[in-house]
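Participant:
Numbering (my numbering), first residue to last: 4 to 109.
1) Quick check on this structure: which residue in 62, 44, 48 and 47 has the alpha carbon closest to the alpha carbon of residue 33?
2) Report all residues from its chain with a CB closer than 8 Å to the CB of residue 70; omit the five preceding and five following residues, and keep chain order.
3) Starting from residue 119, follow the beta strand (DSSP E) in both directions and report where the run begins and ends.
4) Over what stretch of residues does the beta strand (DSSP E) that includes residue 45 continue unbroken?
5) Just checking my contact of residue 56 with residue 77 at CB under 8 Å: how many whole Å lie between their CB atoms?
6) How many Å lie between residue 86 and residue 49 at the Cα?
7) Using only alpha-carbon positions, find the residue among 40, 36, 31 and 29 that is nearest to residue 75.
8) Find out if the Cβ-Cβ distance for the pair residue 93, residue 99 is shorter than 7 Å.
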């Protein structure tokens with residue numbers, strides 16, 4: 004909160020379990036030369052939720068235009084409890100509004 008001006012806005016994005024409903028299994032770069040294959044799953048460890056994704060990148064954006072396949076391995080993202088995040092943010096900001104990242108609806 005100390006880094007924003009009074010009356011200014013702070014925008015952030017938090018990953019929640021709801022991401023699983025629309026998280027893409029295939030992502031492509033704007034130019035179509037790189038694709039990323041993902042297979043997200045929810046995993047619980049020690050009472051904490053994580054979204055885990057095996058990620059494989061396929062690219063034709065190489066100097067000789069050859070196909071390059073890269074196994075990026077498993078990426079784990081901690082899914083923080085939203086209520087805990089909201090409680091902390093509300094301590095520092097006078098007005099907090101939560102919007103769905105996909106639809107921008109409350």
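Where is the CB? At the ideal position from N, CA and C, for every residue including glycine.
Facilitator: To lay it out plainly:
1) Of the candidates 62, 44, 48 and 47, the one whose C-alpha sits nearest the C-alpha of residue 33 is 62.
2) 61, 62 and 63, listed in sequence order.
3) Nothing can be reported for residue 119: it is not among the residues displayed for the chain, which extend from 4 to 109.
4) Residues 37-48.
5) The Cβ separation is near 7 Å, so the contact holds.
6) Those two C-alpha atoms are separated by around 19 Å.
7) Answer by Cα proximity: 40.
8) Cβ atoms of residue 93 and residue 99: closer than 7 Å.
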